[in-house]
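Encoded as structure tokens, the structure appears first; notes follow it.
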Amino acid sequence: MLHSDVLLKNNELCLVGRAEDRGGIHETGLYLRDTRFLSAFTVRVSGTPLERLSVRTLSATEAIITTTPARGYEHQTGIAESSLVVHQRITVGAALDVAFEVQAFGGWTRDIHLEIELASDFRDMFDVRGMTPKQRPTLRDPELHDDGRVSLAATGADGQTVRLEIAASPSPTSAKSAMVKRSSDDVAIPVKLTFGMNLADGGIHTVELSLLPVPFGATHEPVPAADTRLVVASDNPGLDAFVHRAELDLVMLQTSFPEGRMPAAGIPWFIAPFGRDSLIVALQTMHVYPERVWATLQVLAANQGTKMDPFREEEPGKILHELRYGDMARSGQIPHTPYFGSIDSTPLFVMAFAQAYEVHRDEAMYDVLIPHVRRALAWIEDYGDLDGDGLIEFGDKSKDSVHITQQGWKDSHDSLHWANGDEVDGPIALVEVQGCDYAAYDWLANVAKIRGNSDWAAELRNKADRIREAVETSYWLPEAGFYAQALDGEKRPVDQISSNPGHLLYCGLPAPERAACVAERLMRPDMLTRWGIRTLSSTMSRYSPMSYHNGSVWPHDNSLIMAGLRTYGFSKESSTIATALVRLSAHDPEHRLSELYCGFDDTDERLGPVNYPVSCRPQAWAAGCAHMTIQAILGHSGNGASDTTTGPAFDHLVTHMTASGMTVMGEPLAYTLANGAITTDQPVPVLVPEQT
5 MLHSDVLLKN NELCLVGRAE DRGGIHETGL YLRDTRFLSA FTVRVSGTPL
55 ERLSVRTLSA TEAIITTTPA RGYEHQTGIA ESSLVVHQRI TVGAALDVAF
105 EVQAFGGWTR DIHLEIELAS DFRDMFDVRG MTPKQRPTLR DPELHDDGRV
155 SLAATGADGQ TVRLEIAASP SPTSAKSAMV KRSSDDVAIP VKLTFGMNLA
205 DGGIHTVELS LLPVPFGATH EPVPAADTRL VVASDNPGLD AFVHRAELDL
255 VMLQTSFPEG RMPAAGIPWF IAPFGRDSLI VALQTMHVYP ERVWATLQVL
305 AANQGTKMDP FREEEPGKIL HELRYGDMAR SGQIPHTPYF GSIDSTPLFV
355 MAFAQAYEVH RDEAMYDVLI PHVRRALAWI EDYGDLDGDG LIEFGDKSKD
405 SVHITQQGWK DSHDSLHWAN GDEVDGPIAL VEVQGCDYAA YDWLANVAKI
455 RGNSDWAAEL RNKADRIREA VETSYWLPEA GFYAQALDGE KRPVDQISSN
505 PGHLLYCGLP APERAACVAE RLMRPDMLTR WGIRTLSSTM SRYSPMSYHN
555 GSVWPHDNSL IMAGLRTYGF SKESSTIATA LVRLSAHDPE HRLSELYCGF
605 DDTDERLGPV NYPVSCRPQA WAAGCAHMTI QAILGHSGNG ASDTTTGPAF
655 DHLVTHMTAS GMTVMGEPLA YTLANGAITT DQPVPVLVPE QT
């Protein structure tokens with residue numbers, strides 16, 4: 005099971021298997037609330053390992069693995085080749101349930117033993133990812149009950165105990181367990197369950213196994229799968245499959261929190277609330293899933309900063325970066341309860357709120373969230389702007405293993421340098437963060453205007469204009485015809501050519517003539533690949549196509565740039581990125597986008613994209629790219645309005661399309677594209693009054 009390509013999730017409970025991991029090495033296992041409850045799982049028949057014949061994923065919560073005894077063991081076991089099959093029917097619900105169906109063929113009858121060996125190490129997710137904890141959970145002696153049930157447990161550094169309850173039907177012939185320590189870094193509690201059975205030709209013998217994780221402080225509740233909503237039918241099957249897979253992934257990623265259900269950021273590492281990731285997904289899927297957008301805002305509002313806490317980087321009004329539930333967080337080994345180490349989550353929160361209200365007009369949600377929006381604005385002005393220059397900066401951070409030093413979306417430690425490769429001294433004012441700051445005020449001014457608060461609208465618009473002026477004055481690089489990636493601590497523009505300025509287009513900040521320069525620069529071959537725009541120009545000294553943020557291709561990064569290009573009228577450039585995203589999807593057997601890809605040059609069209617080694621699949625903001633692609637094709641603006649024509653720019657991608665499942669102001673909308681003309685099944689409401 006763990007050594008097959010299986011990925012199942014129900015709410016917070018997630019099973020991750022990998023064919024190359026051989027039963028529990030690396031990230032494979034059963035996870036709940038940042039704890040690995042199952043770390044190894046192997047099945048044998050009378051001592052013979054099983055050979056995988058097929059793996060079929062039936063839904064987000066169900067899979068079937070078909071196996072047979074491996075060849076070459078006949079002389080040891082007497083089990084003839086092709087005489088036995090073992091189906092493993094796997095379901096993730098309240099527990100991990102596995103039904104083993106053992107069947108003999110070929111006139112073969114004999115006694116066999118089905119042997120299931122499993123182990124639990126109860127390691128924290130951060131430990132599995134490679135961050136060595138100060139103290140690992142203390143594994144408890146296993147409890148073997150007379151009826152064959154087994155209880156495994158571990159006590160964390162915080163003194164709290166988590167358990168895995170194992171039950172089988174029928175009861176095993178024997179159950180054995182003993183603590184095992186293979187090395188200081190490899191400690192687990194193993195269990196071996198043996199089931200004796202007599203197989204007659206064609207007969208089926210069934211064993212049902214249930215693995216129930218019991219986390220600290222919460223009860224996992226399974227939830228029924230949500231329905232997909234965005235439905236696209238076009239003359240491009242690849243586009244249709246891209247959207248359908250994205251919808252399925254977003255259903256799988258749905259996770260319950262006290263304030264509502266929202267997509268977890270990604271599997272396996274990020275089944276948790278995030279600020280930046282969750283808010284970008286909200287913006288990507290705004291017109292399809294308003295209830296998820298509101299839930300995301302409520303979850304983040306409930307955890308908004310209220311005090312000064314340097315360890316967690318909490319400040320009043322700040323929106324979290326990441327919230328974790330595992331032992332390392334609970335015991336204070338990491339600051340994620342929650343951790344506030346992102347500079348852009350707070351303006352993104354305001355952006356998402358403003359667009360959600362503008363598009364969906366939920367007055368009850370407005371009343372609930374507007375106090376949190378005002379606190380977020382107060383954080384921007386009182387804490388985000390460190391020196392009163394109207395820009396949001398972050399200061400130099402502790403370079404330890406638990407705090408983030410680079411606090412924009414490119415949050416790896418080496419993501420910001422001068423063009424010559426030298427390090428940049430802070431405080432740092434990232435260009436895309438200023439775009440988010442501008443959009444937060446500008447979009448919120450629309451909300452104030454809609455609600456008739458003209459004074460507040462004027463105040464917000466005035467602040468947005470000041471931010472725009474500061475960016476246009478301080479970040480523009482005349483020789484490059486492009487914006488700087490950041491300002492350093494001395495307010496010097498960092499001349500590294502990166503994808504960051506592309507986000508300014510999504511936020512609507514650049515003057516039209518400079519937007520044209522940005523569009524042209526991003527389309528040059530040092531930035532653009534067949535799979536999308538690189539994070540860093542290949543002409544930069546720190547460029548590497550295999551770097552996490554210095555030359556890789558991130559789909560979500562491209563989706564924001566694509567949307568911004570379309571808004572500014574650069575349809576050809578926008579369609580280039582849309583085509584790249586669909587092309588990426590088509591190279592995956594499941595039409596799924598990964599979190600990121602290596603940014604290699606791709607002169608040979610027969611070569612597919614190169615996956616990044618530890619990229620999450622599925623990843624929420626990668627899935628959300630499909631929704632933004634449809635919006636780009638339709639010329640769908642943030643407030644729900646659409647172009648009436650695509651022009652010829654998108655013809656190579658799609659010429660006929662219907663798209664349904666979007667809503668504006670509570671009204672469902674369906675779009676039709678035919679021969680370059682876009683129509684809707686009903687008029688789109690005018691959401692924002694004309695500027696006066």
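Its first residue numbered 5, the sequence shown is counted upward by one per residue in our numbering.
Even for Gly, the Cβ is constructed at its ideal location relative to N, Cα and C.
None of these values were measured; they are calculated from a predicted model.
Could you check which residue in the options has the C-alpha nearest to that of residue i?
i	options	result
PRO351	ARG316, ASP446, LEU118	ASP446
VAL132	TRP273, ARG114, LEU509	TRP273
THR71	PHE104, GLN80, LYS322	PHE104
ARG596	SER542, ASP244, LEU215	ASP244
LEU257	LEU6, ASN15, VAL658, MET544	ASN15
GLN337	GLY110, TYR601, GLN139	GLN139
VAL211	PHE199, ALA98, LEU203	PHE199
THR300	GLU318, ASP389, SER349, ASP685	SER349
LEU42	CYS18, SER63, THR65, SER58	CYS18
ALA702	ARG334, ILE323, ALA333	Residue 702 falls outside the range modelled here, since the chain spans only 5 to 696, and no answer is possible.
ASP441	ILE384, PHE398, ASP418	ILE384
THR177	ALA161, ARG167, LEU148	LEU148
ASP389	ILE682, PRO267, LEU434	LEU434
Does DSSP put residue i in a helix, in a strand, or in coil?
i	result
SER579	helix
TYR616	coil
TRP480	strand
LYS180	strand
ASN466	helix
PHE344	coil
VAL47	strand
TYR442	helix
SER260	strand
GLN500	coil
PRO320	coil
ARG328	coil
VAL106	strand
PRO194	strand
Give the range of the alpha helix (DSSP H) segment to which residue i is assigned.
i	result
ILE432	ILE432 -> no alpha helix (DSSP H), and no H or E assigned at all.
HIS248	241–257
PRO294	294–306
TYR361	349–364
SER282	280–288
ALA523	516–526
Along the chain, where does the beta strand (DSSP E) that runs through residue i open and close?
i	result
MET666	660–668
ARG265	264–267
THR683	681–684
ILE120	114–124
TYR572	Neither: TYR572 is in no beta strand (DSSP E) and is coded neither H nor E.
TYR35	33–36
TYR675	671–678
VAL132	First-last for VAL132: 129–132, but that is the alpha helix (DSSP H), not the beta strand (DSSP E).
THR633	No beta strand (DSSP E) contains THR633, which is instead part of the alpha helix (DSSP H) from 624–638.
ARG40	39–42
Which residues does DSSP pair with residue i in a beta bridge?
i	result
TRP273	In the DSSP output, where bridge partners are listed per residue, TRP273 has none listed.
THR71	ARG56, VAL90
SER214	ASP101, ALA171
PHE486	LEU481
LEU148	VAL154
GLU66	SER63, THR95
CYS18	LYS13, TYR35
SER238	MET661
ASP205	ALA108
Stretch-stretch touch, CB-based, cutoff 8 Å, three pairs: the segment 627–635 with the segment 551–568:
yes
Do the segment 210–218 and the segment 102–117 touch if we need at least three Cβ pairs shorter than 8 Å?
yes
The segment 306–317 touching the segment 340–356, judged by at least three CB pairs closer than 8 Å
yes
Is there contact here, the segment 611–622 with the segment 580–599, by at least three beta-carbon pairs under 8 Å?
yes
So, do the segment 226–239 and the segment 652–666 have three or more beta carbon pairs nearer to each other than 8 Å?
yes
Could you check whether the segment 417–426 touches the segment 531–546, counting it as contact only if at least three pairs of C-beta atoms, one from each stretch, sit closer than 8 Å?
yes
I'd like to know if the segment 450–459 and the segment 570–586 are in contact, where contact means that at least 3 CB-CB pairs between them fall below 8 Å.
no
Counting pairs of Cβ atoms below 8 Å between the segment 257–271 and the segment 223–231, do you hit three or more?
yes
I'd like to know if the segment 402–413 and the segment 532–539 are in contact, where contact means that at least 3 CB-CB pairs between them fall below 8 Å.
no
Spell out a yes or no on whether the segment 398–409 and the segment 365–379 are touching, meaning 3 or more CB-CB pairs, one atom from each, closer than 8 Å.
no
For the pair the segment 426–446 and the segment 459–477, tell me if three or more CB-CB distances fall below 8 Å.
yes
State whether the segment 50–67 contacts the segment 140–150, with contact taken as three or more CB pairs (one from each stretch) at a distance under 8 Å.
no
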